[in-house]
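Below: the structure, in structure tokens.
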Amino acid sequence: MPRQHHFLASYLLFLFLLPPTAASHCHAFPRFVCRKHTTFVPGHSFIGEGVDITTLARKGAYVVDTSQWQGPNGTCTLCRNLLMDGQLQRLPLAGVDWRTHGDCHRQTSSSVEKSDISVAKAMAREVTNDWKLELGLPAEAADSLGFSKAHVAFAGSQSQMTIYAHEKSRQDRHVFLSQDVSCKYYRLRLLQSPSLLAHHFTRAVDRLPRKPSPEEYQHFINTYGTHYISHVQLGGRVRHLLAVRTCTMALEGFTASHLKECLDLEASVGHDWLFGSFSLSSKCQKFWRSHAQGDFYDADAGQRTEVVGGDKQVEMLFTTTREVPRLLEWMESAKVKPGLVSYSLLPLHTLLKQSDPKRDLLKRAIVEYINRRALRRDCPQKCPSWSLDESCACMCQADSIINHMCCARERGGAYLRFYIRSGSNLWGDHFTATDAYVKVFFQDQEKRTAIVRNDNNPQWSEILDFGAVTLTGSNSFTLELWDKDVWRDDLLQKCHGSLVAGRGTMRLLCHAPHGHIKFSYMLECGRTLAGPHCHDYMPLRLPTGKEDGQTEMGMVCEVRGGGTLEGFLLMEEVESGEGHVETTERVGSIKGETGPEQQEEDGTWLRAQEAQESRVFVFRNPVGPWKKAPSRGQGWGRSLEVMPA
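Residue numbers for the sequence shown, in mature numbering (1 follows the signal peptide of the UniProt record, and there is no 0): -23 to -1, 1 to 622.
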């Protein structure tokens, strides 16, 4: 059973063992009582602290002074903490509404996120209020910043979990399995209009220029963040994020919806399942077994865990269900050392007076900073040409080889087509020239060309498309040359061969007793598959942001004369002897221009520039003969399949 699965089970059991407690209350006390109690209430060190909304990280710089606790004549407010043996604890002057949660206010949640942007938004759910309200971000993002056709994450865009998800998304297509378990013990609120601003914050505001100064205001944001904490919920929380490779999961028959069903099932069975009276479905059990073996993710780099509150190490939490007491111990320690589970935020500029010109300057600097660090995905321009765009996700037209997520359904899936070119010096009849045609057999399929009558040098130039096939072991094919006759067709020659995937167009000869025929084949693995038999896994790299469309996908080459060639399968031709020409897949961002145009039956040459080195490439058409595209000048164009870098 995987580690986070053990933890979820332990945690659910812990929830049922928790005793209820009563809420605490706060009262005013005279000076002599206040001096006896020097401990502050849990949470006092969180309110009034600066936070960077893009990282969701506390800055360690306070904008409100929460160390002040004495009122007139040395009086104070003390709160009785029933979760800590009834201690009386100081409430800072800037704090109000300190309470304990009598039932631990426990929460368990799980979700399946399909992108790094979704992960950022999931992480930002720990912010419980509308932090954008005073900034006008939605309107500005849509109107002036050109995000109206984009998916955007502002809050949490640069958090550790989001950066991790973004890097994983650049490596391969992933879904992210998120599990949160938390127990809230305390809550505390900052005064609505705090007057006890920290002295160093006030001095920093005074030093800000009254005119736009990006450097000065950025330095201020670097120190204090973009917002300050106005309300806190404290306790313990474990957040676990597992990156699951979408397409390796698909090869085992799983989808994101299956994961969500398993998570929902676990949460619903709760107590009964923990005590053995319920068993998970066979599909869920299969997933957890595969997950535990690391089939779907890199065991070392495929998951991230964040622990808030308590005083135990992370490793302690992921253990067997028999270690529930250790989990109970950790959650108990969160009463004494609570962490920040959820909170509300207000923008820093709201602490400045309405009449202060720096207020608007700081607001603009904060908005620009948040926009600059936003994680966004422009739609639909950034999807590769072979994919469809659905809700800003690159999708594919599903068939027997790939699903709508552009993942191969099973190993061995490929697309096969033969190109029967021509025959030379054939002889099939004593009295007339050959009425030649060709048959090709692969597995249980047979394809044949048209008959070229009365010609010993026939030109077929015909594609025999076998479509989607499943490769097994030998992958042998048979090609037969026939002469059409009135009574009975004559077999002139039979040639055998084995197909190899991933080598581009393979040109071959079939020698007959008289003459030969030229043919070629192209065997392309289904997306996310590679290797000679399409049984190896190949990551599916998709654009994850603005920069990816510029640096990772060589999808468009400009052709002199106004034509455009889009979405090429990029190959480099290499002579290998005996008349064969092998093609090797190239990767990288390519910007090409036409060289001497040398149009062949199935391709055209361009001269492209890559990494400061000029090379000649051929851009193959994997779906049929080339056709001249309408353009203002010379050039060949067609929208083709593209192989990502």
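Glycine included, every Cβ here is placed at the ideal spot set by N, Cα and C.
| Query | Result |
| --- | --- |
| What does DSSP give as the partner residue(s) for residue 227 in the beta ladder? | Residue 227 pairs with nothing; no bridge assigned. |
| Are residue 503 and residue 410 close, meaning C-beta to C-beta below 7 Å? | no |
| Verify whether the separation of the beta carbon atoms of residue 163 and residue 286 is less than 7 Å. | no |
| With distances taken from CA atoms, which of 43, 499 and 387 is nearest residue 514? | 387 |
| Which word fits residue 443, buried or exposed, when buried means at least 16 other C-beta atoms lie within 10 angstroms of its C-beta? | buried |
| Since I believe residue 383 is in contact with residue 448 (beta carbons under 8 Å), could you give me their beta-carbon distance rounded to a whole number of angstroms? | Actually they do not touch by this definition, with Cβ atoms about 19 Å apart. |
| Out of 461, 91 and 53, which one is the CA nearest neighbour of residue 519? | 91 |
| Helix, strand or coil, according to DSSP, for residue 529 in the structure here? | Confidence at residue 529 is low in this model, with a pLDDT of 28, below 50, so the placement of that residue is unreliable and no value is reported for it. |
| With residue 10 as the anchor, note down where its alpha helix (DSSP H) starts and where it stops. | 8 to 11 |
| Mapping DSSP to helix, strand and coil, what is residue 322? | strand |
| Residue 444 bridges to which residues according to DSSP? | 393 |
| Only counting runs of 3 or more residues, tell me where the beta strand (DSSP E) segments fall wholly within the region 111 to 193, in order along the chain. | 127 to 130 and 151 to 167 |
| Under the rule that 16 or more other beta-carbon atoms within 10 Å means buried, what is residue 229, buried or exposed? | exposed |
| Using a threshold of 7 Å, state whether the C-beta atoms of residue 428 and residue 415 are closer than that. | no |
| Hey, residue 66 and residue 16: beta-carbon distance below 7 Å or not? | yes |
| I'd like the span of the beta strand (DSSP E) that includes residue 413, first residue to last. | 413 to 419 |
| The ligand FMN and residue 379: does the residue's C-beta get closer than 6 Å to at least one heavy atom of that ligand? | Within the structure as shown, the ligand FMN is missing, as the structure has no ligands at all. |
| I need the straight-line Cα distance from residue 72 to residue 218, nearest angstrom please. | 34 Å |
| Which class does residue 371 belong to by DSSP, given the choice of helix, strand or coil? | strand |
| On the three-state DSSP scale, how would you describe residue 342? | helix |
| Cutting at 6 Å between CB atoms, please list the residues of its own chain near residue 105, excluding the five before and the five after it. | 319 and 321 |
| Determine the extent of the alpha helix (DSSP H) in which residue 100 is found, giving its start and end residues. | 93 to 100 |
| What's the gap between the Cα of residue 456 and the Cα of residue 400? | 13 Å |
| Can you find at least 3 beta carbon pairs, one from the region 26 to 45 and one from the region 169 to 178, that sit closer than 8 Å? | yes |
| So, do the region 198 to 207 and the region 321 to 337 have three or more beta carbon pairs nearer to each other than 8 Å? | yes |
| In the DSSP output, what is residue 58 paired with across the bridge? | 64 |
| What number of angstroms, rounded off, separates the C-alpha of residue 686 from the C-alpha of residue 139? | Nothing can be reported for residue 686, as the shown portion of the chain is limited to -23 through 622. |
| Does the distance from the C-beta atom of residue 517 to that of residue 150 stay below 7 Å? | yes |
| Residue 61 to residue 214, Cα distance in whole Å? | 19 Å |
| Here's the rule: buried if 16 or more other CB atoms are within 10 angstroms of the residue's CB, otherwise exposed. What is residue 488? | exposed |
| Which partner residues of residue 487 appear in the DSSP bridge assignment? | 494 |
| Excluding sequence positions up to five away, which residues of its chain have a Cβ less than 8 Å from the Cβ of residue 185? | 193, 194, 197, 335, 338 and 339 |
| Measure the C-alpha to C-alpha separation of residue 120 and residue 114 and round it to an integer number of angstroms. | With a pLDDT of only 37 at residue 120, under the threshold of 50, the placement of this residue in the model should not be trusted, and no figure is reported. |
| Suppose contacts are defined by Cβ-Cβ distances below 7 Å. Is residue 18 in contact with residue 68 by that definition? | yes |
| Taking just the CA atoms, how far does residue 107 sit from residue 440? | 60 Å |
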